[in-house]
Every structure is written in C-alpha cells, then in structure tokens.
Amino acid sequence: MGAWAEDTFGNDTACDWISSFLDNPGLDVVHSEIQVVLETEGYLDSDEACKCLAACEVIARLQGRWGLRNSYSEELDNWIESNPTEIPHDLKSAADSAIERILGADSELLELWDDGGRNDAWHNSINDLRERIWG
C-alpha cells in the first residue's frame, strides 16, 4: 500500500478506487465493496480494506458529512454534490460492521498502520469516518 497520509484517500488504492467508482457510480458499488470485507473469512487484505473505507466515505459524504476534502477527493466530491442520494439505514449498519472488521484481528491494514505501535492519527481518522456515517 503506497500511503502518504492517514485519511481515507491518503493512499494509492483508495485513490484508484475513486476512478473505478466514477466509471460506474452508485450505491450498488458502495454496497459491493462493503460486502467484500464483511464476507472475507480469515486474513483481510489491505487493498480490500482501503476500497471499503473509500466506499464508506461515499456514504458519509452523500449525507453532507465531508471530512477532508482535497485534490485526491475532488472528482468524487464533485460527483457527490451533483448526485444527492438517500442512504438506507442498513447500508450505514453494514459500513459500520465493515469498519469494525477492518479494526479487528486478521486485518492487514490495521497491522500496517499499527506496525511499531498504535497509530493514533489513523485510528482517529477511522473514528471520524464512523461518526460521519451516522451523523
């Protein structure tokens, strides 16, 4: 994982996901990314976790809870501003469960960020995302 910041879009995988999402945007894509994490048994690959967190950002941002906006998220943010969408409660619940899975045992992303000790900045970013999903 090429990462330069602890926020959701501070890595190559999440930024690549934005391009993929914008090719075929919608809540079905968001739901699919979340389901990948929820259905993974055993070790959770960091790329799958990063894509899921990007999908969770879509949920938060569609509700007007933006988080960090920068050049990495600009195209996605423009799409979101042009496509207001109601977020079903069950999708928010699934997103929360997926984040819990990413923060749990057998998660490569957690291992990468906490290698050498707890990375408080990353954990704070994840907690902020969870709060923005629920409002």
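For the sequence shown, the numbering used here gives the first residue as -3, with consecutive numbering after it.
Idealized CB from N, CA, C, for every residue including glycine.
If we ignore side chains and look at the alpha-carbon of each, how far apart do residue i and residue j end up?
i, j, result
"Tyr39", "Glu104", "7 Å"
"Ala10", "Leu49", "8 Å"
"Leu125", "Gly112", "24 Å"
"Leu99", "Trp13", "20 Å"
"Glu53", "Glu37", "23 Å"
"Ala(-1)", "Gly6", "6 Å"
"Arg114", "Ser121", "13 Å"
"Val25", "Ser16", "10 Å"
The ligand COA heavy atoms versus the CB of residue i: any closer than 8 Å?
i, result
"Trp62", "The ligand COA is not among the ligands present in this structure, which contains no ligands whatsoever."
Quick one: give me the first and last residue of the alpha helix (DSSP H) that residue i is part of.
i, result
"Phe17", "8 to 19"
"Ala91", "85 to 98"
Let me know if residue i comes out buried or exposed under the rule of 16 or more other beta-carbons within 10 Å of its beta-carbon.
i, result
"Glu70", "exposed"
"Leu18", "exposed"
"Asp3", "buried"
"Arg57", "buried"
Please check the pair residue i and residue j, which I expect to be a contact at CB under 8 Å, by giving their CB distance rounded to whole angstroms.
i, j, result
"Leu34", "Ala94", "5 Å"
"Ala91", "Ile30", "6 Å"
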